[in-house]
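In my numbering, the protein residues as written are 28 to 182. Built from N, CA and C at the ideal position, the CB exists for glycine as well. The model shown is predicted, which means the values in this text are computed figures rather than measured ones. In what follows, a single structure is set out as structure tokens and then discussed.
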Amino acid sequence: MTCKSCSSNCLKCISPQFCTLCDVSFYLLGFSPINCTNTCPATYYADLTDNTCKLCAANCNTCTSPMNCSLCIDGYYLDSVDMVCYTCHSTCKHCNGPAIDQCTNCTYPLFLKARKCITVVCGPNSYLDPTGGCTLCSTAYPHSITCKYNEVYTC
């Protein structure tokens with residue numbers, strides 16, 4: 028029988044690729060193959076009691092314990108009292124509350140106006156620019172008769 032060494036930063040293993048105990052200041056990350064990492068990835072936190080990376084609560088991107096979230100994933104906001112992530116209004120990409128007027132960022136093609144994500148419709152001979160405003164074709168493209176964003180029609 029030949030003994031093989033564990034992977035780097037691993038103190039105990041069941042095979043070279045499957046670690047069961049990591050070196051000091053490294054955390055056991057329960058993916059396959061199991062490995063040791065110096066920082067836990069997004070949606071995980073470092074549990075100092077057993078030096079493992081453990082999953083944060085649902086919809087939480089960054090946490091310090093299973094029920095102490097500090098940053099939510101897109102579409103959710105952090106309740107500062109119970110430190111849990113709750114769903115934003117369906118039109119919001121980011122928000123600071125559940126209501127339609129608590130958006131802080133929107134998903135294209137919606138644009139933020141008065142803390143709401145709205146659809147902007149431009150008039151004839153104008154187009155919707157990337158900032159959510161309408162621009163006259165003649166202003167952006169002199170001598171044009173009509174246009175769409177990045178498409179100009181001239182005579």
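Using alpha carbons as the reference points, say which of the options lies closest to residue i.
i	options	result
P68	T91, C122, V51, T29	T91
P93	T114, Y71, C99, S107	Y71
C115	V51, V108, P136, A126	A126
D101	G124, D109, N95, V108	G124
T158	P169, Y135, R142, Y168	Y135
Let me know if residue i comes out buried or exposed under the rule of 16 or more other beta-carbons within 10 Å of its beta-carbon.
i	result
L75	exposed
C122	buried
C30	exposed
Y180	Confidence at Y180 is low in this model, with a pLDDT of 49, below 50, so its placement is unreliable and the value that follows should be read with caution. The residue in question, Y180, is exposed, as its Cβ has fewer than 16 Cβ neighbours within 10 Å.
L82	exposed
Check this for me: beta carbons of residue i and residue j, under 8 Å apart or not?
i	j	result
C49	N78	yes
C183	L139	A query on residue 183 cannot be resolved here, the shown segment of the chain reaching from 28 to 182 and no further.
C119	C133	yes
N36	C63	yes
Between residue i and chain C, is any beta-carbon pair separated by less than 8 Å?
i	result
N36	Checking the listed chains, one finds no chain C in this structure; it contains a single protein chain.
Assuming residue i is part of the beta strand (DSSP E), what are its boundary residues?
i	result
A73	71–74
F45	45–49
L56	54–56
C112	111–114
S92	87–92
T131	130–133
With a cut-off of 8 Å on the beta carbons, I'd call residue i and residue j a contact; round off their distance for me.
i	j	result
C144	N152	Not quite, the Cβ-Cβ distance comes to about 26 Å (not below 8 Å), so this is no contact.
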